[in-house]
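As structure tokens, the structure follows; a few thoughts come after it.
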Amino acid sequence: MTDTLHTSKPPLTASPGWQLTKFAFYALLLCVALLLLLGFLTEKFNVGATSTSAVNFEKNTITLSLTSEPPQMDSTRATDMVSGMLLGHIMEGLIRYGPDNEILPGVAESWDMGELAGTFYLRKDAFWSNGTPVTAHDFVFSWQTALNPATASQYAFVLYPIKNGKAINIGEAELDSFGAKAVDDYTLSIELEQPTPYFIKLLAFFTYLPINKEFYESREGNYGTNAEDMIYNGPFHMTRWVHDKDVRLEKNEYYWNNSETRLDAIEFGYITPDPNTALNLFATGKIVLAGLNAENIERALTEGWRIETHSDGSVFYLGFNHREERPTSNLNLRKAIQQVCDPEELVYKVLKTPGNIPGKSIFPVWLRGVNGFFRDEYPGPDHKRNVASAQEYLQKALDELGLDEPPSLVFLTGDSAFSAKHAEYYQSMLKEKLGIEIKIDKQIFKQRLAKMTSGEYDIVAAGWGPDYDDVLTFGDLFTSWNANNRGLYHNEELDRQVEIAQQSSDPKTRMDAMDRVQHILYEDAAIIFEYERGSVYVFDDRVKGVTRRSVGTDPDYTRAYIEEEVDS
Amino acid sequence: MPRYIGMRLLQGIFTVWFIATATFWVMHSIPGDPLESEKAMSPEIRANLEAKYGLDKNEFIQYWIFLGNMVRGDFGWSFEHENRRVNDIIAEQFPVSATLGILAIVFAGLGGVLWGALTALYRNKWPDVLIIILVILGISVPSFVFATVGQLGIVTLNKIAGIDVPVAGWGTVWHMLIPALVLGLGTMAFLTRLMRTSMLEIVNADYIRTARSKGVPIAQIFSRHQLRNAILPVLTVLGPSIAGITTGGFVVENVFGIPGLGKYFVTAVQQSDYGVIMGTTVFYGAFLVLMVIIVDLLYAVVDPRVRLNK
Numbered sequence: 000m001t002d003t004l005h006t007s008k009p010p011l012t013a014s015p016g017w018q019l020t021k022f023a024f025y026a027l028l029l030c031v032a033l034l035l036l037l038g039f040l041t042e043k044f045n046v047g048a049t050s051t052s053a054v055n056f057e058k059n060t061i062t063l064s065l066t067s068e069p070p071q072m073d074s075t076r077a078t079d080m081v082s083g084m085l086l087g088h089i090m091e092g093l094i095r096y097g098p099d100n101e102i103l104p105g106v107a108e109s110w111d112m113g114e115l116a117g118t119f120y121l122r123k124d125a126f127w128s129n130g131t132p133v134t135a136h137d138f139v140f141s142w143q144t145a146l147n148p149a150t151a152s153q154y155a156f157v158l159y160p161i162k163n164g165k166a167i168n169i170g171e172a173e174l175d176s177f178g179a180k181a182v183d184d185y186t187l188s189i190e191l192e193q194p195t196p197y198f199i200k201l202l203a204f205f206t207y208l209p210i211n212k213e214f215y216e217s218r219e220g221n222y223g224t225n226a227e228d229m230i231y232n233g234p235f236h237m238t239r240w241v242h243d244k245d246v247r248l249e250k251n252e253y254y255w256n257n258s259e260t261r262l263d264a265i266e267f268g269y270i271t272p273d274p275n276t277a278l279n280l281f282a283t284g285k286i287v288l289a290g291l292n293a294e295n296i297e298r299a300l301t302e303g304w305r306i307e308t309h310s311d312g313s314v315f316y317l318g319f320n321h322r323e324e325r326p327t328s329n330l331n332l333r334k335a336i337q338q339v340c341d342p343e344e345l346v347y348k349v350l351k352t353p354g355n356i357p358g359k360s361i362f363p364v365w366l367r368g369v370n371g372f373f374r375d376e377y378p379g380p381d382h383k384r385n386v387a388s389a390q391e392y393l394q395k396a397l398d399e400l401g402l403d404e405p406p407s408l409v410f411l412t413g414d415s416a417f418s419a420k421h422a423e424y425y426q427s428m429l430k431e432k433l434g435i436e437i438k439i440d441k442q443i444f445k446q447r448l449a450k451m452t453s454g455e456y457d458i459v460a461a462g463w464g465p466d467y468d469d470v471l472t473f474g475d476l477f478t479s480w481n482a483n484n485r486g487l488y489h490n491e492e493l494d495r496q497v498e499i500a501q502q503s504s505d506p507k508t509r510m511d512a513m514d515r516v517q518h519i520l521y522e523d524a525a526i527i528f529e530y531e532r533g534s535v536y537v538f539d540d541r542v543k544g545v546t547r548r549s550v551g552t553d554p555d556y557t558r559a560y561i562e563e564e565v566d567s
Numbered sequence: 000m001p002r003y004i005g006m007r008l009l010q011g012i013f014t015v016w017f018i019a020t021a022t023f024w025v026m027h028s029i030p031g032d033p034l035e036s037e038k039a040m041s042p043e044i045r046a047n048l049e050a051k052y053g054l055d056k057n058e059f060i061q062y063w064i065f066l067g068n069m070v071r072g073d074f075g076w077s078f079e080h081e082n083r084r085v086n087d088i089i090a091e092q093f094p095v096s097a098t099l100g101i102l103a104i105v106f107a108g109l110g111g112v113l114w115g116a117l118t119a120l121y122r123n124k125w126p127d128v129l130i131i132i133l134v135i136l137g138i139s140v141p142s143f144v145f146a147t148v149g150q151l152g153i154v155t156l157n158k159i160a161g162i163d164v165p166v167a168g169w170g171t172v173w174h175m176l177i178p179a180l181v182l183g184l185g186t187m188a189f190l191t192r193l194m195r196t197s198m199l200e201i202v203n204a205d206y207i208r209t210a211r212s213k214g215v216p217i218a219q220i221f222s223r224h225q226l227r228n229a230i231l232p233v234l235t236v237l238g239p240s241i242a243g244i245t246t247g248g249f250v251v252e253n254v255f256g257i258p259g260l261g262k263y264f265v266t267a268v269q270q271s272d273y274g275v276i277m278g279t280t281v282f283y284g285a286f287l288v289l290m291v292i293i294v295d296l297l298y299a300v301v302d303p304r305v306r307l308n309k
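Chains as they are written, first to last, in numbering that gives the first Met the number 0: chain A, 0 to 567; chain B, 0 to 309.
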């Protein structure tokens, strides 16, 4: 064959080709044996295999995927969305949100809330999943733990409205001076630091969830690490958590309102950050919901799947660096940039992901105002791109800055493909319209934050998601005392308006103040409103009763159910 | 032999110490603050966190403490997964990466040897040309493309054949097969090329000519002399490849939703998770060193000319 010395053909079984075939056969056998062995070992040492279908009628179970592994499930230290969503299913605070975002009684059966103090009456049929009652002490303990400086909780600030909350957290007051006290097992009295009109709504936030002290201490620092390192008082309890692989929630029979829990189990069977993987899982009928992005939405459209959109609550904007040494501290330069920006062009021609809404205000459209939606009552500043006026502003800015040509600016952004596309749009747009050179500085998330804090940028692509359901969660972002105001914007009138909204309990006064805030931000070109982010997703419509929220537990499956199979 | 192994192990320990030291200082000097988070922190809370992770101490003291803990096999806590010890993360996630890695390396090794031998056997004929084209593809196309295409392939196959091969997840043989193939593909292509070159060199070696002139049947020359000798260079690179494959699983683990350690290895750097960076780097470093030693020992078994105690 290939051999040059042997011209006569050897018998087939003695040819090198035959030898190779034989080896290939052995190799294949070896591979199969190895696969079976490893498969056997994996199955043996894993707690159950990944569930097999999106909707299981017999077992009354649905399967979903998570985008990331929850770092840990201790509510006093949780910060991320995934943990927050899971905690909303396995725990319950004093109140909870209903399907229409209305406030429903949770562990608290009723309450009297005054301007500066309130009393909460806890239901006697609320139990932990180990059978012990949920008491007022569990709330006080959890909140004190979050505020305890030793816990170093990043969300402790959510508890600051309670009297001495902040003082305890920064080590200036003792734990027993705390404004929340258990009068008896079922009565919780709360004193506030100052009037906080939205305090009741805050109570649904995960940092306000209760923790049983005895159990917490019995885990010796491991509380929230594994499924068995927690007890639960929510509609579901966690029965399995294989790190980075899956989380299983089952109906909690100890839950006081368990007749409203209609699913027997929710299986978070997959943990993957890749949206294409989620879509493939959806395509093969493994999960109920998959988020879409600009790239894979085409496929969902071609397949004809039911596509839904939902506002994820967050607002995106360009932040300016207001530090004196930066050119962006010049009002006219900021106004010039503001005047050439066009959120509609950005949303519809550049980003192109359905669901995004062009930004008009720091307050997103879903926020509540006096009676209806805030933005219906206070539409916000009117903005139209105006290149001529922008050039006038630019000329003024150049005169003030003593420059001959427009300064070059550093645009700080993330390291994703999306961030690059977004930044490059501004780079070419500002060059074309104003002759401003943009240097794009792509950084990983933590480094971007570090640079924002130290002020090494001129413009930054930034965003903000709500922590609670009140205008102030966005409204106080640019006050001089807010540490998240990393551009160091300072405006005394804005500060004063925010103080009014914080202290007044009259909705009209508060919303008027917030209307001033959105106009000040625009007039001062403190930031440039870009867009409100929407999420687009495909959803299995055999599952009903799922609530999507812009703030709070999202998606909320606590009342979900599977529609009966119709024989056709 | 025992003396040789002892020497190699000593060298290995030195290497691991060097890796750990270099990583420690590089990690502390690159920008990125492990405690930086989306919500701004008050200085008081920050101070508490720094104390918790020992970041409030001088860096030389931190290094010294780290070394002491490392000798005791303790890598401390993860910054990101606050309640988990780095040791637990490695213990829970590494077996998954290892399973995937073993499968991938067996696929790659066996496939590389077989395809390589085949191309050499049919040198410059169509099987050779075809396989070499595939090899170039396999080496140059990044693994996320294979992973994505592989997954789409499963979706399509499921639809056409009406079967139910999982597209992601972990737990059964069916979850392993495609990811392991995808993971091993690059290495397989590389080994194929290596095997081919090695086979072709040997065809012209003196001992092959001697064997031929003595009238040894060509099948026997092929399997006993050519194959066995040609495998040696493949074995040499197998050691580093094993480590490369088990650590390089990041993309495959992400795409196929596999709970392995590769993810931690990469994301820890992005998150400046000092504990996990040090833990995974030292662990993988030690693993790589060990694999290279093992392969060197295997070498002696396969090639009688190598005498280790020399």
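Each residue gets a CB set at the ideal place from its N, CA and C atoms; glycine is no exception.
- Under the rule that a run must span 4 or more residues, the alpha helix (DSSP H) segments found entirely inside the segment 151 to 199 of chain A read 164 to 168.
- In the DSSP assignment, A/Ser-310 falls within the beta strand (DSSP E) that extends over 306 to 319.
- DSSP places A/His-242 outside any alpha helix (DSSP H), giving it a letter other than H or E.
- Beta-carbon to beta-carbon, B/Gln-150 and A/Asn-279 are separated by about 5 Å, close enough to satisfy the 8 Å threshold.
- Chain-ordered, the chain A residues with CB closer than 7 Å to the CB of B/Asp-32 read Lys-445 and Ala-449.
- Taking 8 Å as the threshold, the shortest C-beta distance from A/Cys-30 to chain B falls below it.
- Neighbourhood of A/Glu-42 in chain B, by CB distance below 8 Å: Gly-170 and Thr-171, in chain order.
- Within chain B, the C-beta atoms nearer than 8 Å to that of A/Ser-14 come from Ile-217 and Ala-218, in chain order.
- The segment 361 to 373 of chain A and the segment 470 to 478 of chain A touch, with three or more beta-carbon pairs separated by less than 8 Å.
- When DSSP states are grouped into helix, strand and coil, A/Phe-126 belongs to the strand group.
- At a cut-off of 8 Å between beta carbons, A/Asn-292 makes no contact with chain B.
- Between A/Ala-449 and B/Glu-35, the C-beta spacing is below 8 Å.
- In the three-state reduction of the DSSP assignment, A/Phe-56 falls in the coil class.
- Considering only A/Thr-283, A/Gln-193, A/Glu-455 and A/Leu-433, the residue with the shortest C-alpha distance to A/Glu-323 is A/Glu-455.
- For the pair A/Phe-528 and A/His-382, the Cα-to-Cα distance works out to about 10 Å.
- Cβ atoms of B/Ile-244 and B/Gly-100 come within 8 Å of each other, at about 5 Å.
- Interface annotation for the segment 72 to 95 of chain B against chain A: Ser-77, Glu-79, His-80, Glu-81, Asn-82, Arg-83, Asp-87, Ile-88, Glu-91, Gln-92, Pro-94 and Val-95, criterion Cβ-Cβ distance under 9 Å.
- The segment 220 to 236 of chain A makes contact with the segment 116 to 128 of chain A; the number of CB pairs closer than 8 Å reaches 3 or more.
- Per DSSP, the unbroken beta strand (DSSP E) holding A/Thr-118 starts and ends at 116 to 121.
- Between B/Ala-21 and chain A, the shortest Cβ-Cβ separation is not below 8 Å.
- In the DSSP assignment, B/Ile-130 falls within the alpha helix (DSSP H) that extends over 125 to 139.
- Here A/Met-112 is bridged, per DSSP, to A/Gly-117.
- Excluding sequence positions up to five before and after A/Gln-193, its CB lies within less than 8 Å of the CB of Leu-115, Pro-160, Gln-501 and Gln-502, all in the same chain and listed in chain order.
- Along the length of the segment 440 to 523 of chain A, whole beta strand (DSSP E) runs at least 3 residues long occupy 458 to 463, reported in chain order.
- In the three-state reduction of the DSSP assignment, B/Ile-257 falls in the coil class, being assigned neither a helical nor a strand state.
- By the Cβ neighbour-count rule, B/Thr-155 is exposed, with fewer than 16 other Cβ atoms within 10 Å of its own.
- The beta carbon of A/Ala-299 does not come within 8 Å of any beta carbon belonging to chain B, so the residue lies off that interface.
- By the neighbour-count criterion, in which 16 or more other beta carbons inside 10 Å mark a residue as buried, A/Ala-282 falls on the buried side.
- Cβ-Cβ separation between A/Gln-337 and A/Ala-77: approximately 37 Å, too far for a contact (criterion under 8 Å).
- Secondary structure of A/Leu-366 (DSSP, three-state): coil.
- Interface with chain A (8 Å Cβ-Cβ cutoff): B/Val-275 is excluded.
- The criterion of a C-beta distance shorter than 8 Å is not satisfied by B/Leu-184 and B/Val-233.
- Excluding the 5 residues flanking it on each side, A/Val-182 has same chain C-beta neighbours closer than 6 Å at Ser-188, in chain order.
- Beta bridge pairing from DSSP links A/Leu-248 with A/Met-237 and A/Ile-265.
- Secondary structure of B/Lys-38 (DSSP, three-state): coil.
- In the DSSP assignment, A/Val-409 falls within the unbroken beta strand (DSSP E) covering 408 to 412.
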